[in-house]
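Undergrad:
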Amino acid sequence: MLIFEHSHPARRNPSQAPQDKAEIKAIPEKFRRKKRPLLPEVSELQAVRHYTRLSQKNFSIDTHFYPLGSCTMKYNPRACNKLAMLPGFLARHPHAPESLSQGFLACMYELQEMLKEVTGMKGVSLTPMAGAQGEFAGVAMIRAYHDARNDVQRTEILVPSAAHGTNPATAVMCGYTVREIPTDAQGDVDIEALKSAVGPHTAGIMLTNPSTLGVFERRIMEIAQIVHEAGGLLYYDGANLNAILGKVKPGDMGFDVIHMNLHKTFSTPHGGGGPGAGPVGVSERLLPFMPVPIVDYDGKAYRLLTESARPQTIGRLSAFAGNAGVLLRAYIYARLLGSEGMHRVAEFATLNANYLMARLAHSGYDLAFPERRATHEFIVTLKRQAKELGITAMDVAKRLLDLGYHAPTTYFPLLVPECLLIEPSETEAKEELDRFITAMQQILTEAQTTPEIVKAAPHTLPVRRLDDVKAARELDLAWKSSR
Amino acid sequence: MPFIPHTEDDIQHMLAAIGATGIEDLFDEIPEALRATAALKSIPPGMSEMDITRLMMQRAEEDGRPLCFAGAGAYDHHIPAAVWEIATRGEFYSSYTPYQAEASQGTLQLLYEYQTMMASLTGMDVSNASLYDGASALAEAVLMAVRANRKSQSRRVLMPGTVHPAYRKVVRAIVTMQNIELIELPYCTECGHTVPESLERYSGGDIAALVIPQPNFFGVLEEVDTLTDWAHRHGALVIGVVNPVSLAVLTPPGEWGENGADIVCGEGQPLGAPLSSGGPYFGFMCCKMEHVRQMPGRIVGRTVDLDGKPGFTLTLQAREQHIRRSKATSNICTNQGLVVTAATIHMALLGPDGLERVAAACHANTLALVEVLTAIDGVTKLFDRPLFHEAVLQLPRPVDEVLDELAERGLLGGYKLGGDYPELSNALLVCATETKNAADIELFAKHLRDILKPQ
Chain A
1 MLIFEHSHPA RRNPSQAPQD KAEIKAIPEK FRRKKRPLLP EVSELQAVRH YTRLSQKNFS
61 IDTHFYPLGS CTMKYNPRAC NKLAMLPGFL ARHPHAPESL SQGFLACMYE LQEMLKEVTG
121 MKGVSLTPMA GAQGEFAGVA MIRAYHDARN DVQRTEILVP SAAHGTNPAT AVMCGYTVRE
181 IPTDAQGDVD IEALKSAVGP HTAGIMLTNP STLGVFERRI MEIAQIVHEA GGLLYYDGAN
241 LNAILGKVKP GDMGFDVIHM NLHKTFSTPH GGGGPGAGPV GVSERLLPFM PVPIVDYDGK
301 AYRLLTESAR PQTIGRLSAF AGNAGVLLRA YIYARLLGSE GMHRVAEFAT LNANYLMARL
361 AHSGYDLAFP ERRATHEFIV TLKRQAKELG ITAMDVAKRL LDLGYHAPTT YFPLLVPECL
421 LIEPSETEAK EELDRFITAM QQILTEAQTT PEIVKAAPHT LPVRRLDDVK AARELDLAWK
481 SSR
Chain B
1001 MPFIPHTEDD IQHMLAAIGA TGIEDLFDEI PEALRATAAL KSIPPGMSEM DITRLMMQRA
1061 EEDGRPLCFA GAGAYDHHIP AAVWEIATRG EFYSSYTPYQ AEASQGTLQL LYEYQTMMAS
1121 LTGMDVSNAS LYDGASALAE AVLMAVRANR KSQSRRVLMP GTVHPAYRKV VRAIVTMQNI
1181 ELIELPYCTE CGHTVPESLE RYSGGDIAAL VIPQPNFFGV LEEVDTLTDW AHRHGALVIG
1241 VVNPVSLAVL TPPGEWGENG ADIVCGEGQP LGAPLSSGGP YFGFMCCKME HVRQMPGRIV
1301 GRTVDLDGKP GFTLTLQARE QHIRRSKATS NICTNQGLVV TAATIHMALL GPDGLERVAA
1361 ACHANTLALV EVLTAIDGVT KLFDRPLFHE AVLQLPRPVD EVLDELAERG LLGGYKLGGD
1421 YPELSNALLV CATETKNAAD IELFAKHLRD ILKPQ
């Protein structure tokens, strides 16, 4: 039932709006709304009950193991939320003067410095509001760098074939054309293909390391050298930073610019789709181009540096200073972990992934890269089961929902047929991993004995498989009261 | 080990299953030289929850909580207690983007309800499920309009100087690399609005879109009907940038002029997001059905399952980066879902009557504020036109000094306009939302009177 179907004309919540209805004195009739908008007219209890019940139709980390590859669904500590929502932080207006902002800015400055250290970069700007905006900032800086040197024939961004879709989409938003670089059989970038692709048109390359194939790009130093020698810059997509936090610094691998997904590695919540935060870190040569504002500290006071102090900046990406509340959560998480805690993130994320990989391989699942170590994630391919039993990756994913597990990422990366990209994260206990393995074993048995159960899954959720074709053909994107 | 549950026993069992002797073995594909420099020297040791609580409480208190008369894109509204209580339930807070529809019906249905509310509020056919904030939503709207306007060969967009200055900067940063030309329109220095006649010089030229802010950055109402009709007469699409609370009392963009705006966007913060230093907020975007395939961001549709039972799913995904890659309408992936969750609950709790009361109270309080402040010697109101809930005042002294003195007295007096509009030196943008009562307004007046008193 929709909230609108609970609605009754003239029902209202008197405690939630001004008691006296003010007269609108100074707005002429021609500017005035004639017909009220279609908003629900429900009691506070009706609304609370409706949305509480809706929440119960979701899987979430708090309720389910969520091994969604490339998304780093780790525990979101409650303290981070509670402390970021202290009244003093919530009430701070973005235009509050610096004299009334030192507490908040201290948190931002310290976060900026910690992110510099973990990435090995020379400067960090916190303002991008999500990974894709961080990517945009990064590629825009690469372009600003070439433009500032009057090196304007560089029109191409290289992207490995396994990259996230945001990479090519971002390159295009920055006015570049995209050239895909193939991947070899072991999951590494095809170095020969890279060598023949680079040249005077290369503006840069966008890489995720570990890659989306769940393996570490072993020849990264060589790749950096090839691209740099051609005059291009290296962009690090921080989607998989959790795999190397405290183990390797992207700055040491030769990257010129990196974005971090704080909603992954620094455990801010995914919130059903967002908000995230995508700070960018840069090497020396890109420092002047960072997006503003940037937090500065002169030993006495914190302040925000804007365009006047950073004349070569690529500019502003948000009306104010990015997703401040998300940044506060990441700061609190970073302080809770401390240096030792950060080193352990990658260690245990990797331990969990390799354990799951070994046990699933032993249970009869095929690995996409059996010769390789898992990083914080790995890929299972159901190509064989699809051919022999007609069971697809989608079927296994849906059946897992029935058994109380969120599905792994399916059909990404696109290069591996019938794939499941599995990322357990470091916060899951061994018992939970063992139960997941048991569930995966059960599904494999069902695929052989009662395949119809797997093919028709899920059976126990609020809805069965949905008709996506109808959704796209007969668009129903808003409720109409006349219906 | 914070948030890592492994015991020594677990570790040994797991390593044995893997066939490794130590955790370090698992990193043996990473070149040795890279692993050598990984130490995190400057990061302090971890804190307990008790200690970080004390630190954060100190910092949150340190910034005081000034009585806020600043707006300029972020507005101090009452948020019902239930809004964030429910939005931060773990099932909303810690879930992912609803790609697995069967396991995400809660988020998906909520988004469908949100889309319904926003489409109705703006008078448009459809809404997406959010963009980052008002400024970046406007940038996306500009890109979308240039794609959607097939009659126009140009990539020129008219941008009034009365659009929020930070929005104009963000639009410039985001769209210019795609060779889009932004032409800034001057405003009337007497009335603070975009004079429709000033558009005539662009009559012959090919214009892809016209941006119309309502209310504009000065709080002033634009001649939206005339502007919309001018744009349509000249083959340009209309992008409305609106404050969603104002729409409870102002004409929705879908009804501007003869045919209404084509794309509507804006800042969702006034619908239940706390000021929170500027974010997270959310950008909203709505449009006419004919442009839906050019819209960026996620969209939820209602459909049926295998049994014919209604359900919700992400739809029109062929517009998005994870399917279309370099040909996507935008690179956006993560949006501002949780804030949209709060906004949906917020709108449900206020209802049409509540939202109208909020809008009317903001309007009335701002008029009351203007009245008492302009009674002070040397303070005058600029721009003689109807306004919604912000006003521009001219002060007899530099705004910086006055704002500093007000801050010392625990008051956030408004936004200094001179930085972005040099011709408006000594001008202050003020706002009094429904959260301010007569005593607050009187307090502002008292302090300003004291500060401006001849020494």
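Protein chains in written order, with this note's numbering: chain A, 1 to 483; chain B, 1001 to 1455.
For glycine and all other residues, C-beta sits at the position ideal for the given N, C-alpha and C.
Treat the numbers as computed from the prediction; the structure is a model and nothing was measured.
May I ask you to report which of helix, strand or coil DSSP gives Arg483 (chain A)?
TA: Unreliable positioning characterises Arg483 (chain A) in this predicted model, as indicated by a pLDDT of 44, which lies under 50. The coordinate reading is nonetheless provided below. Correct three-state label for Arg483 (chain A): coil.
Undergrad: Using beta carbons (cut-off 7 Å, strictly below), is Lys1309 (chain B) in contact with chain A?
TA: yes
Undergrad: By the DSSP assignment, the alpha helix (DSSP H) with Asp492 (chain A) in it spans what residues?
TA: A question about residue 492 (chain A) goes unanswered here, because the residues of chain A that appear run from 1 up to 483.
Undergrad: Mind checking if Gln16 (chain A) is an interface residue toward chain B, Cβ cutoff 7 Å exclusive?
TA: yes
Undergrad: Spell out a yes or no on whether the stretch 1150 to 1157 of chain B and the stretch 149 to 167 of chain A are touching, meaning 3 or more CB-CB pairs, one atom from each, closer than 8 Å.
TA: no
Undergrad: Nearest to Asn1243 (chain B) by alpha carbon, out of B:Leu1412, B:Thr1341 and B:Phe1217?
TA: B:Phe1217
Undergrad: With 7 Å set as the bound, which would you pick, yes or no: does the beta-carbon of Gly1268 (chain B) sit closer than that to a beta-carbon of chain A?
TA: no
Undergrad: Per DSSP, what kind of secondary structure is Val1224 (chain B) in: helix, strand or coil?
TA: helix
Undergrad: Buried or exposed: Lys1169 (chain B), going by 16 or more other Cβ atoms within 10 Å of its Cβ?
TA: buried
Undergrad: If we cut at 7 Å on Cβ distances, does Tyr145 (chain A) have a partner in chain B?
TA: no
Undergrad: Run through the stretch 66 to 147 of chain A for me and flag every whole beta strand (DSSP E) of 3 or more residues, listed as ranges in chain order.
TA: 123 to 125
Undergrad: Could you check whether the Cβ of Glu1267 (chain B) sits closer than 6 Å to any heavy atom belonging to the ligand SAH?
TA: Questions concerning the ligand SAH fall outside what the structure shown contains, since it holds no ligand whatsoever.
Undergrad: Can you tell me where the alpha helix (DSSP H) with Glu1091 (chain B) in it begins and where it stops?
TA: Gly1090 to Tyr1093
Undergrad: Taking the CB atoms as reference points, tell me whether Leu287 (chain A) and Val257 (chain A) lie closer together than 7 Å.
TA: no
Undergrad: Mind checking Lys1416 (chain B): buried by the 16 CB within 10 Å criterion, or exposed?
TA: Buried, by the Cβ-count rule.
Undergrad: Mark Met1289 (chain B) as exposed unless 16 or more other C-beta atoms lie within 10 angstroms of its C-beta, in which case mark it buried.
TA: So Met1289 (chain B) ends up on the exposed side.
Undergrad: Any idea what DSSP makes of Met1159 (chain B), helix, strand or coil?
TA: strand
Undergrad: List, in chain order, every chain B residue whose beta-carbon is nearer than 9 Å to that of Tyr75 (chain A).
TA: Phe1003 and Ser1094
Undergrad: For Pro451 (chain A), which of helix, strand or coil comes out of DSSP?
TA: Correct three-state label for Pro451 (chain A): helix.
Undergrad: If the cut is a Cβ gap below 8 Å, which residues of chain A does Cys1068 (chain B) touch?
TA: Ala91 and His93
Undergrad: Along chain D, which residues have their Cβ under 9 Å away from the Cβ of Leu1411 (chain B)?
TA: Reference to chain D is not applicable here, since the protein chains of this structure are A and B.
Undergrad: Does the beta-carbon of Leu1306 (chain B) have 16 or more other beta-carbons within 10 angstroms, so that it is buried, or is it exposed?
TA: That one is exposed.
Undergrad: Are the beta-carbon atoms belonging to His1363 (chain B) and His1322 (chain B) less than 7 Å from one another?
TA: no
Undergrad: Output needed for Met1014 (chain B): all residues of its chain with C-beta closer than 6 Å, excluding positions within five of it in sequence on either side, in chain order.
TA: Sequence-distant Cβ neighbours of Met1014 (chain B) in its own chain, meaning closer than 6 Å and more than five residues away, do not exist here.
Undergrad: Classify Arg483 (chain A) as buried or exposed, calling it buried when 16 or more other Cβ atoms lie within 10 Å of its own Cβ.
TA: Confidence at Arg483 (chain A) is low in this model, with a pLDDT of 44, below 50, so its placement is unreliable and no value can be given for it.
Undergrad: Would you list the one or two residues that DSSP bridges to Leu160 (chain A)?
TA: Correcting the residue type first, residue 160 (chain A) is Pro in the shown sequence and not Leu. Partner(s): A:Ile181.
Undergrad: So Ile1239 (chain B) contacts chain A; which residues on that side make the cut at Cβ distance below 9 Å?
TA: Chain A residues near Ile1239 (chain B): none, gap ~16 Å exceeds 9 Å.
Undergrad: With DSSP collapsed to three states, give me the class of Lys264 (chain A).
TA: coil
Undergrad: If I follow the unbroken beta strand (DSSP E) through Met1285 (chain B), where does it start and stop?
TA: Gly1283 to Cys1287
Undergrad: Just to confirm before moving on: does the CB-CB distance between Leu1429 (chain B) and Gly1414 (chain B) stay below 7 Å?
TA: yes
Undergrad: State the DSSP-derived secondary structure class of Lys249 (chain A), mapped to helix, strand or coil.
TA: coil
Undergrad: For the stretch 1009 to 1020 of chain B, list every residue whose C-beta sits within 8 Å of some C-beta in chain A, in sequence order.
TA: Asp1010, Ile1011, His1013, Met1014, Leu1015, Ala1017, Ile1018, Gly1019 and Ala1020
Undergrad: Give the range of the alpha helix (DSSP H) segment to which Arg53 (chain A) is assigned.
TA: Start and end: Glu44 to Ser55.
Undergrad: Is it true that the stretch 382 to 390 of chain A meets the stretch 344 to 361 of chain A, where meeting means three or more beta-carbon pairs spaced less than 8 Å apart?
TA: no
Undergrad: Taking the CB atoms as reference points, tell me whether Ala1074 (chain B) and Arg316 (chain A) lie closer together than 7 Å.
TA: Their beta carbons are not under 7 Å apart, which means Ala1074 (chain B) does not touch Arg316 (chain A) by this criterion.
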